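Using UniProt numbering, the first residue of the sequence shown is number 507, and each one after it goes up by one. Cβ atoms here follow ideal geometry from the backbone N, Cα and C, with glycine treated the same way. Predicted model, so just to flag it, every value in this text is computed and none were measured. Heads up, the thing below is written out as structure tokens.
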Amino acid sequence: IEGRLRRRPAPWWQARRDALLALAAQGTPRYAYDPATVRARARQLEAVAAVDRRFYAIKANPHPDILRLIVDEGFGLECVSAGELEHVFSVLPGLDPELVLFTPSFAPIGEYAIAFARGVTVTLDNVEALQQWPDVFRGRPLWLRVDLGRGEGHHEKVRTGGLASKFGLQVDRVEDFLAAARPLGVRVTGLHAHLGSGVDTPDHWREVCDELGGIADRIGSIDTIDIGGGLPIPYREDDEPFDLDAWSAGLAEVKAAYPAYRLAIEPGRFLVAEAGVLLLTTTQVVEKGGIRRVGADAGMNVLLRPALYEAWHDIHNLSRPDGGEMVAFDIVGPICESGDVLGHHRPLPGDTAPGDVLLVADAGAYGMAMANTYNLRALPAESVLVESKE
Ligand code: LLP
């Protein structure tokens with residue numbers, strides 16, 4: 507770790523150590539969020555001129571304060587279940603339904619009816635639902651989600667395209683969709699694709715935009731092209747930060763070829779991942795067979811990403827910031843599964859001891875949102891930091 511070039515600026519939490527330790531003293535496991543970081547990310551995306559509409563994928567982190575902040579920044583919200591729809595309208599009374607997009611997958615048909623009743627924009631990705639429940643869709647505008655034939659993303663489990671994936675209508679069935687929609691008076695006004703999450707090639711969205719533009723030209727009734735979310739963040743010290751300038755330039759270029767359409771995006775992770783940290787308390791420090799393990803008071807029950815995707819999160823001992831000699835530890839949780847490991851072979855201070863506070867970085871996206879009560883362990887607490895006045 508020492509001596510390696512640091513490409514990223516110091517994370518916000520380094521300057522908020524006292525506040526975080528005070529929160530940890532109120533109890534762990536606990537997620538803590540920094541609103542200023544969310545706002546900064548939102549503003550970076552607002553500055554991208556080619557994009558006309560921005561929806562935040564609330565599945566990444568539906569904390570009410572975060573939703574309010576992001577909507578205040580001019581974003582709409584993307585929801586994938588009736589539960590998420592109810593949540594956004596209850597957190598933000600009077601929310602304009604125009605700002606809400608409903609993009610479910612294989613949802614019960616009743617959830618589409620709820621979305622139409624709310625007046626939000628609905629995305630559908632198969633012909634069969636139109637045929638089976640014509641009365642639900644009759645006379646409604648729809649956005650059509652297509653499968654561009656490939657998936658992208660940081661792990662196989664987050665790639666949402668290609669024939670092996672459940673998402674999206676095959677492009678060669680668009681005509682069938684239109685044929686089923688026409689007699690119902692269903693007008694297809696948007697075209698949507700989301701190929702996966704944590705895609706680290708800025709050109710990806712430019713290609714998606716170009717492909718959707720071509721399909722939209724053939725459909726004729728489209729006013730909006732939605733190129734999905736999937737923007738990555740640098741989880742590892744030597745990950746390059748996402749090249750927003752290249753992303754933005756690519757979009758501007760391809761958009762010029764399709765001036766008739768408004769361009770929409772729906773990022774989740776990019777807005778919130780770096781804004782959140784997970785605070786844990788160490789339980790036991792054990793050596794067995796030459797492997798040193800630090801136990802934490804929560805593991806895959808509160809942060810599933812390492813177990814599910816072998817995802818990387820930096821882990822620090824917040825109680826010992828100038829920790830002297832660093833030693834490699836496996837950081838494990840209390841769950842009765844061998845996969846309950848938050849990080850293998852991670853450097854922590856050699857004197858790490860029970861009661862220390864660990865900080866798991868970049869946990870603001872798909873952290874609390876995927877936490878569960880396995881082994882009947884309680885869900886973590888959540889705190890939003892008070893913004894420091896500068
Ligand atoms: N739009 C659609 C249709 C999506 O399915 C998703 C994420 C997004 C937008 C937002 O994607 P983002 O910008 O956050 O990459 N639990 C996984 C990620 C699953 C993403 C599911 N869909 C993880 O922790 O990496």
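In the structure shown, Thr627 adopts extended strand secondary structure according to DSSP, grouped into three states.
Ranking Val714, Ala834, Gly726, Tyr537 by CA distance to the CA of Ile771 puts Val714 first.
Across the set Leu786, Glu843, Ala875, the C-alpha of Leu786 shows the shortest separation from the C-alpha of Pro535. Burial state of Asp868 is buried, judged by a 10 Å Cβ sphere holding 16 or more other Cβ atoms. Contact between the region 792 to 808 and the region 589 to 599 is absent, with fewer than three C-beta pairs closer than 8 Å. Its chain contains Tyr764 as the residues whose beta carbon lies nearer than 6 Å to that of Gly719, once the 5 sequence neighbours on both sides are disregarded; these appear in chain order. Below 8 Å, enough C-beta pairs join the region 645 to 654 and the region 664 to 677 to call them touching: three or more. Assignment of His569 by DSSP, reduced to helix, strand and coil, places it in the coil class.
At a Cβ-Cβ threshold of 8 Å, Ala687 and Leu607 do not count as neighbours.
In the three-state scheme derived from DSSP, where H, G and I count as helix and E and B as strand, Phe608 is classed as strand. At least one heavy atom of the ligand LLP sits closer than 7 Å to the Cβ of Tyr872. Nearest to Ala762 by C-alpha distance, out of Ala555, Thr707, Pro640, is Ala555. Of His661, Ile721, Gly870, the smallest CA-CA separation from Arg679 is found for Ile721. With respect to Leu526, Leu865 sits close: the two C-beta atoms are nearer than 8 Å. If you ignore the 5 residues before and after His710, its C-beta comes within less than 8 Å of the C-beta of Glu658, Leu701, Gly736, all in its own chain and listed in chain order.
Between Arg775 and the set Asp732, Ala685, His660, Cys842, the nearest pair of CA atoms involves His660. Under DSSP, the beta-bridge partners assigned to Thr788 are Ala802. Nearest C-alpha to Val800 among Gly616, Leu854, Ile615, Ala699: Leu854.
Residue side-chain check: Thr787 keeps its Cβ at 7 Å or more from all non-hydrogen atoms of the ligand LLP.
Membership of Tyr741 in any alpha helix (DSSP H) is not indicated, and neither H nor E is assigned to it by DSSP. By the Cβ neighbour-count rule, Arg644 is exposed, with fewer than 16 other Cβ atoms within 10 Å of its own.
Measuring C-alpha to C-alpha distances from Phe835 to each of Ile841, Pro515, Asn823 identifies Asn823 as the nearest. Within the region 525 to 602, the alpha helix (DSSP H) runs of at least 4 residues that lie entirely inside it are, in chain order, 541 to 552, 570 to 578, 588 to 597. If one requires a minimum length of 4 residues, the alpha helix (DSSP H) runs lying completely within the region 690 to 767 are 709 to 725, 750 to 762, in chain order.
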